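Visitor:
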Amino acid sequence: MSLLTVSPETGFEPFEKITDPEEIAARLDRIGVLFERWEAGEPLPADAGPEAILAAYADPVERLKRRYGFKSADVIAVTPDHPDREALRAKFLSEHTHSDFEVRFFVGGRGLFYLHPDDKVHIVLCEAGDLISVPAGARHWFDMGARPELKCIRLFTTPEGWQADYTGSDIAARFPRLEDWLAKVGA
Ligand SMILES: CSCCC(=O)C(=O)O
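If you're matching positions, the sequence shown starts at 1 in full-length UniProt numbering and goes up one per residue.
In structure tokens:
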């Protein structure tokens, strides 16, 4: 995991990369985002599907539902050869918001969250064991990369699950994607 906070106007240099989980949690807390490190458990098989993933994490998911009143959960499980990987990636690559409080729990793989709740963009590289919230109304987007390796449980306080309101902003296009990010900033 790592966090970088940048201003869309001034760009990325110089940047301060934060890798200490407690510091990441403290910085994200200031913008109303919950960040926790969890035991990710035994790695699941690469081809584990949504049902297997939810079954393996039934207990922590139940605890999260009780703690935050989540009404539904789903799984994003994408492998580098997933036939719909481009469409799945594109769905999250434009800035959007959700009307409810949500949580993402990464049980495998990685992806880059770009949170834009204020005048800064807070870029969080999320990996197995990272839990991060998406506050209601917070602008954000997400990149799983061109060859995605991602297993993520999502929890929603609405029964309907994932519903996005796209902001129409082109801000995401001005930011490096996952691969460029890893090359520039590192994991
Ligand atoms: C890490 S899950 C995919 C991203 C997502 O759910 C979102 O951007 O709202």
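Beta carbons: idealized from backbone N, C-alpha and C, even for Gly.
If you're wondering where the values come from, they're calculated on a predicted model, not measured in any experiment.
#1: From the DSSP output, in three-state form, read off Asp180 for me.
#2: Pull up the DSSP beta-bridge partners for Gly111, would you.
#3: Locate the alpha helix (DSSP H) running through residue 190, then write down its first and last residues.
#4: Taking the beta carbon of Arg147 as the centre, do at least 16 other beta carbons fall within 10 Å, making it buried, or is it exposed?
#5: Helix, strand or coil, according to DSSP, for Val6 in the structure here?
#6: In this structure, does DSSP put Phe105 in helix, strand or coil?
#7: Decide if the stretch 32-49 is in contact with the stretch 158-171; the criterion is three or more beta carbon pairs, one per stretch, under 8 Å apart.
#8: Enumerate in chain order the residues of its own chain whose CB-to-CB distance from Arg27 is below 8 Å, with the five nearest sequence positions on each side excluded.
#9: Quick one: Cα of Arg66 to Cα of Trp162, how far?
#10: Spatial neighbours of Phe35 within its chain, please: C-beta separation below 6 Å, excluding the five flanking residues on both sides.
#11: Going by the CB atoms, is the gap between Gly49 and Thr97 shorter than 9 Å?
#12: Report the rounded CA-to-CA distance for Val124 versus Tyr114, giving the unit in angstroms.
#13: Relative to the C-alpha of Trp141, which residue among Arg30, Arg104, Tyr57 is closest?
Guide: Let's see:
#1: helix
#2: Cys126
#3: It is not possible to answer for residue 190, since the shown part of the chain is limited to 1 through 187.
#4: exposed
#5: strand
#6: strand
#7: no
#8: Leu3, Thr5, Ile18, His122
#9: 19 Å
#10: Ile24, Ala25, Leu28, Ile132
#11: no
#12: 6 Å
#13: Arg104
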